[in-house]
Amino acid sequence: MPVATVRRAVVGVLNGEGVGAAEVSVTFLSGQRMRALNRRTFGSDRATDVIAFSLPHPGRVVGDVYLCSGVADRSARRLNVSREEELLRLVVHGTLHVLGYEHPDGERRALSLMWRVQERYVRELST
């Protein structure tokens, strides 16, 4: 995914959510590195698609988003969407987490406010 596309997605979400001052980094990790981060952070010994951290900083939004393109590739095939769409979805998803959005686990995830907001941004940013 080109850096310009990542930047456009992050800025699109931040602007759409009315965020002025912000610093959000997006890092792509290998499956092995994502698995290690997931194990160290959440105690889950598997690679996952996205992990996001919101960092305390007075007066501005600061956060880090980590994506695993290998997991995204598998999800894209399973969901029958393009790799680009799935990576865009993950950038949006991670950025929303940085902004404080949460969702339940499991099947209810797709019914959550966060999921609806995420999919709206994916549609808007895909055009």
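Numbering that gives the first Met the number 0 puts the first residue of the sequence shown at 0, with every later residue one more than the last.
Glycine included, every Cβ here is placed at the ideal spot set by N, Cα and C.
Practice task
Starting from Gly62, trace the beta strand (DSSP E) both ways and give me its first and last residue.
Solution key: If you number the sequence shown from 1, residue 62 lands on position 63. It spans Val60 to Cys67 - the beta strand (DSSP E) in which Gly62 sits, taken as one unbroken run.
Exercise for the section: Below 6 Å CB to CB, which residues in the same chain sit around Leu66 once its five sequence neighbours on both sides are set aside? Expected result: Reading the sequence shown from its first residue, position 67 is the one you call residue 66. So the qualifying residues of the chain are Phe27, Val49 and Leu89.
Exercise for the section: Answer yes if the segment 9-25 comes into contact with the segment 58-73, meaning at least three C-beta pairs across the two stretches below 8 Å, and no otherwise. Expected result: yes
Practice task
Round the Cβ separation of Gly11 and Ala51 to the nearest angstrom and send it over; I've been treating them as touching at under 8 Å.
Solution key: The residue you call residue 11 lines up with position 12 of the sequence shown. The residue you call residue 51 lines up with position 52 of the sequence shown. So it is not a contact: roughly 16 Å between Cβ atoms.
Handout entry: Of the residues Gly15, Asn14, Val25 and Glu16, the one placed nearest Ala3, counting alpha carbons only
Key = Your numbering for residue 3 matches position 4 in the sequence shown. When each option's Cα is compared against that of Ala3, the closest is Val25.
Practice task
May I ask you to list the residues that DSSP assigns as paired with Val12?
Solution key: As a first step, residue 12 must be located in the sequence shown, where it is residue number 13. Answer is none; Val12 lacks a bridge partner.
Practice task
Give the DSSP bridge partners of Ser24, in chain order.
Solution key: In the sequence shown, residue 24 corresponds to position 25, counting from 1. Bridge partners of Ser24: Asp63.
Exercise for the section: From the DSSP output, read off the bridge partner residues of Val49. Expected result: Along the sequence shown, read from residue 1 onward, the residue named residue 49 stands at position 50. According to DSSP, which records beta bridges pairwise, Val49 is partnered with Leu66.
Practice task
Would you decide whether Glu123 is buried or exposed? Buried here means 16 or more other CB atoms lie within 10 Å of its CB.
Solution key: Numbered from 1 along the sequence shown, position 124 holds the residue referred to as residue 123. With fewer than 16 Cβ atoms within 10 Å of its Cβ, Glu123 is classed as exposed.
Exercise for the section: Below 8 Å on the Cβ atoms is my guess for Val97 versus Tyr120; work out the distance and round it to an integer in Å. Expected result: Residue 97 sits at position 98 when you count from the first residue of the sequence shown. Residue 120 sits at position 121 when you count from the first residue of the sequence shown. Actually they are not in contact, since the Cβ atoms of Val97 and Tyr120 sit about 13 Å apart, beyond 8 Å.
Problem - Beta-carbon proximity list for Thr40, same chain, < 7 Å, skipping 5 on both sides - result: The residue you call residue 40 lines up with position 41 of the sequence shown. Counting only Cβ-Cβ distances below 7 Å, and skipping sequence neighbours, we find Ile50.
Exercise for the section: Report the partner residues of Leu54 according to the DSSP bridge assignment. Expected result: Here the question's residue 54 lines up with position 55 in the sequence shown. Per DSSP, Val61.
Problem - For Glu85, the three-state DSSP class (helix, strand or coil) - result: As a first step, residue 85 must be located in the sequence shown, where it is residue number 86. DSSP places Glu85 in helix when its eight states are reduced to three.
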